[in-house]
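Number of protein chains: 2
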Amino acid sequence: MTDATPLKPHERLAAALRDDMDAVNALIRTRMASEHAPRIPEVTAHLVEAGGKRVRPLLTVACARMCGYAGADHVKLAATVEFIHTATLLHDDVVDESRQRRGRPTANLLWDNQSSVLVGDYLFARSFQLMVETGSLRVLDILSGAAATIAEGEVLQLTAARNLATTEDTYLRVVRGKTAALFEAAARVGGVVAGVDAAQEDALTRFGDALGVSFQIVDDWLDYGGAGDGIGKNLGDDFREGKLTLPVIRALARGDATERAFWRDALEKGKSEDLDRARAILARHGTLEETRQEALAWRDRARAALAELPPNDLREMLGDLADYVVARAE
Amino acid sequence: MTDATPLKPHERLAAALRDDMDAVNALIRTRMASEHAPRIPEVTAHLVEAGGKRVRPLLTVACARMCGYAGADHVKLAATVEFIHTATLLHDDVVDESRQRRGRPTANLLWDNQSSVLVGDYLFARSFQLMVETGSLRVLDILSGAAATIAEGEVLQLTAARNLATTEDTYLRVVRGKTAALFEAAARVGGVVAGVDAAQEDALTRFGDALGVSFQIVDDWLDYGGAGDGIGKNLGDDFREGKLTLPVIRALARGDATERAFWRDALEKGKSEDLDRARAILARHGTLEETRQEALAWRDRARAALAELPPNDLREMLGDLADYVVARAE
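From first to last, the protein sequence lines are chains S and R. Quick note: the first sequence uses my numbering, first residue 1, plus one each step. Quick note: the second sequence uses my numbering, first residue 331, plus one each step.
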């Protein structure tokens, strides 16, 4: 890293919270161990050490410190959040039959589906053990609720795929399950452990939710090439998997019979060769631009919620993080 | 049911605790619902309503009442235990690629692996929400620990399969993960919610563990036809799946080079056509009879632990249950 490369917001947060994040990473390594089943730390390390950005545990640690927390339980909660995230990634890759994650072969490919399912279960159980150690029933309530919302959202995504009748309401619920529920819980428990009042807890909840929703909407926008440069990661994955995301749901509502037939063939029947035509239809109805605007609106909500929290350097960095999440769409 | 058909011990327990078990079943139905993802109650109902014996929730309710509990939280804990059990069944059937469970097609066959993985995750999360409602961190600690032991045991079973070097120590760990950990936790939390002292909690823990171990050892014995009538359910499943169970581990240790070659071909390489030869080898070394004796010894431990608990009708029925579990091997 030279002076010429300015740090990104999550990197600045990680630098400002280095001691905390070192403790989180050490705890993750300790708790992913299993004396008797070496397969468990092998599979977990493959994913945990693949260089993820640790955004969720950073949120927990940053929110706790922003709210003046001086204890050590936020480290346990941050590790908890990363374990839940890792467990869902392991299970998602089995569900989606994915072959790549973070630029490396997935665990289900390197080992097998069985290991991914069972190691995910182990991490989920370990995350609850960690939570119990904090002695906070409030925290347990929040994170077990988030885990239920995540699983429900994933099931909803599974049953909504290839279904042209999917509504924007269902879409938002899937978005919350995939991404926003854990962002929200991560931010909120940081405040709870710091002993914030109800108003601040509510602000943290809205901040985490809005940050997660904007993040996921940008992802869905990029899947269709976003503004049109065509360099979005995994361009067309959602299209091929028949996922009903916001730009498609809105274009469907406005399309004529020919377009509806196109979407039916592509999404319901899986004849998804013509991504260019899909992108042209979305562009014609302006729904890619609307989707971008939605992401920006959720970013604004995240920033508005932050404004109700204690003003300090960490708050500023969290605001920059909200900008950074949607910068891919600006 | 006529007078001529005496009730089995678990049926007598269910009859004696009918109001409690009705409440448990009602709570299970309420909590397995999902307003937005109907796939969740569909999959859960398929399994939950397939007529399982509800042994684990019965244990929780019976242990709580045996210890004098007069409140209502044992119902939540019993539903929790059944949800954890159901979640592990859903995931096990994916891991084992099973096609039948409780005489019906498995969920992974009727729907798909994705639904089984995600609905299992949902039930697991819901089970933790239920536990949190009891407000007992002790209970959360016990059940999250059990969940970790279960997942670890399943991973261990996966990596120990087809490995002739598997030890009796590993075997017992797998048995605890598959069966005894949840039996133990189910019995123990019944006592915890009833406010028993440390000595009684320890007795409940030993009772649940020994009951579960004896249950699983009998299962493993029956898989090779037990005493030789050959009517054990799923006769030879473990043999074909290359599982190293107690009778095989002991026969391997005493076999000559020819026998070791047979086991290597059958268990490591999957050439498991000759179940009769396997059974003959086990019989020659007497390891089926030893396995049966092990199950009876664990039954005796379960009964010895029970003797330390309050003497009443429920205790007597739990003792009968311990006998019943191994009666298949007597």
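Even for Gly, the Cβ is constructed at its ideal location relative to N, Cα and C.
Buried/exposed call for residue i, threshold 16 Cβ in 10 Å
{"i": "Leu-440 (chain R)", "result": "exposed"}
{"i": "Lys-406 (chain R)", "result": "buried"}
{"i": "Asp-350 (chain R)", "result": "buried"}
{"i": "Gly-401 (chain R)", "result": "exposed"}
{"i": "Asp-423 (chain R)", "result": "buried"}
{"i": "Glu-638 (chain R)", "result": "exposed"}
{"i": "Asp-451 (chain R)", "result": "buried"}
{"i": "Ala-476 (chain R)", "result": "buried"}
{"i": "Arg-456 (chain R)", "result": "buried"}
{"i": "Gly-226 (chain S)", "result": "buried"}
{"i": "Gln-129 (chain S)", "result": "buried"}
{"i": "Thr-464 (chain R)", "result": "buried"}
{"i": "Arg-206 (chain S)", "result": "buried"}
{"i": "Thr-360 (chain R)", "result": "exposed"}
{"i": "Ala-481 (chain R)", "result": "buried"}
{"i": "Ala-367 (chain R)", "result": "buried"}
Cutoff 6 Å; reference residue i; Cβ partners in own chain excluding five residues on either side
{"i": "Thr-575 (chain R)", "result": "Asp-550 and Asp-568"}
{"i": "Asp-209 (chain S)", "result": "Ala-180 and Glu-184"}
{"i": "Leu-314 (chain S)", "result": "Ala-62, Arg-65 and Met-66"}
Chain-ordered neighbours of residue i on chain R, where CB pairs are closer than 9 Å
{"i": "Thr-159 (chain S)", "result": "Ala-367, Pro-368, Arg-369 and Ser-445"}
Nearest-angstrom Cα separation, counted from residue j out to residue i
{"i": "Thr-496 (chain R)", "j": "Arg-299 (chain S)", "result": "55 Å"}
{"i": "Gly-286 (chain S)", "j": "Ala-305 (chain S)", "result": "29 Å"}
{"i": "Ala-257 (chain S)", "j": "Asp-265 (chain S)", "result": "12 Å"}
{"i": "Gly-562 (chain R)", "j": "Ala-659 (chain R)", "result": "The pLDDT assigned to Gly-562 (chain R) is 46, lower than 50, so where the model puts this residue is not dependable, and the model offers no usable value."}
{"i": "Gly-309 (chain R)", "j": "Val-378 (chain R)", "result": "This structure cannot speak to residue 309 (chain R), because chain R is shown only from 331 to 660."}
{"i": "Asn-113 (chain S)", "j": "Val-425 (chain R)", "result": "7 Å"}
{"i": "Glu-589 (chain R)", "j": "Gly-572 (chain R)", "result": "15 Å"}
{"i": "Thr-88 (chain S)", "j": "Ala-302 (chain S)", "result": "24 Å"}
{"i": "Arg-102 (chain S)", "j": "Ile-28 (chain S)", "result": "19 Å"}
{"i": "His-74 (chain S)", "j": "Leu-140 (chain S)", "result": "13 Å"}
{"i": "Arg-279 (chain S)", "j": "Gly-542 (chain R)", "result": "58 Å"}
{"i": "Val-81 (chain S)", "j": "Arg-292 (chain S)", "result": "28 Å"}
{"i": "Leu-7 (chain S)", "j": "Ala-297 (chain S)", "result": "25 Å"}
{"i": "Leu-494 (chain R)", "j": "Ala-107 (chain S)", "result": "25 Å"}
{"i": "Ser-474 (chain R)", "j": "Leu-275 (chain S)", "result": "46 Å"}
{"i": "Pro-268 (chain S)", "j": "Arg-162 (chain S)", "result": "In the sequence as presented, Pro is not what sits at residue 268 (chain S); that position holds Glu. Their backbone Cα atoms lie some 4 Å apart in a straight line."}
{"i": "Arg-54 (chain S)", "j": "His-376 (chain R)", "result": "38 Å"}
{"i": "Leu-182 (chain S)", "j": "Ile-142 (chain S)", "result": "10 Å"}
{"i": "Thr-390 (chain R)", "j": "Asp-527 (chain R)", "result": "17 Å"}
{"i": "Ile-370 (chain R)", "j": "Asn-312 (chain S)", "result": "44 Å"}
{"i": "Arg-570 (chain R)", "j": "Thr-489 (chain R)", "result": "16 Å"}
{"i": "Val-354 (chain R)", "j": "Ser-446 (chain R)", "result": "23 Å"}
Neighbouring residues, chain R, relative to residue i (Cβ below 8 Å)
{"i": "Tyr-122 (chain S)", "result": "Ala-478, Ala-481, Glu-482 and Val-485"}
{"i": "Val-95 (chain S)", "result": "Asn-443, Gln-444, Val-447 and Leu-448"}
{"i": "Val-132 (chain S)", "result": "Leu-467, Leu-470, Asp-471 and Ser-474"}
Residue i: contacting residues in chain S (beta-carbon distance under 8 Å)
{"i": "Phe-458 (chain R)", "result": "Phe-128, Leu-140, Ser-144 and Ala-147"}
{"i": "Ser-364 (chain R)", "result": "Glu-152 and Val-155"}
7 Å Cβ cutoff, residue i in contact with chain S
{"i": "Leu-448 (chain R)", "result": "yes"}
{"i": "Ala-455 (chain R)", "result": "yes"}
{"i": "Val-354 (chain R)", "result": "no"}
Any chain R beta carbon closer than 7 Å to residue i
{"i": "Ser-331 (chain S)", "result": "Not covered by the structure: residue 331 (chain S). The range shown for chain S is 1 to 330."}
{"i": "Ala-210 (chain S)", "result": "no"}
{"i": "His-91 (chain S)", "result": "yes"}
{"i": "Val-192 (chain S)", "result": "no"}
{"i": "Leu-109 (chain S)", "result": "no"}
Contacts around residue i, its chain only, beta-carbon distance under 7 Å, and the 5 residues preceding and following it disregarded
{"i": "Cys-393 (chain R)", "result": "Ala-517, Gly-520, Gly-521 and Leu-534"}
{"i": "Glu-290 (chain S)", "result": "Arg-250"}
{"i": "Ala-524 (chain R)", "result": "Ala-394, Cys-397, Gly-398 and Tyr-399"}
{"i": "Pro-339 (chain R)", "result": "Met-647, Asp-650, Leu-651 and Tyr-654"}
{"i": "Thr-44 (chain S)", "result": "Met-32, Thr-86, Val-119 and Leu-123"}
{"i": "Leu-486 (chain R)", "result": "Thr-500, Arg-503, Val-504 and Gly-507"}
{"i": "Gly-52 (chain S)", "result": "Arg-102"}
{"i": "Ala-625 (chain R)", "result": "Ser-544, Ile-547, Val-548, Trp-551, Val-656 and Ala-659"}
Contact set between residue i and chain R, taken where Cβ atoms lie within less than 7 Å
{"i": "Arg-173 (chain S)", "result": "His-366"}
8 Å Cβ shell around residue i - same chain, five flanking residues per side excluded
{"i": "Leu-612 (chain R)", "result": "Tyr-554, Pro-577, Val-578, Ala-581 and Leu-618"}
{"i": "Arg-277 (chain S)", "result": "Phe-262"}
{"i": "Leu-58 (chain S)", "result": "His-10, Leu-13, Ala-14, Leu-17, Met-21 and Ala-78"}
{"i": "Lys-271 (chain S)", "result": "Asp-265"}
{"i": "Glu-201 (chain S)", "result": "Arg-188, Gly-191 and Val-192"}
Beta-carbon neighbours of residue i, restricted to chain S and to distances below 9 Å
{"i": "Gly-465 (chain R)", "result": "Leu-137"}
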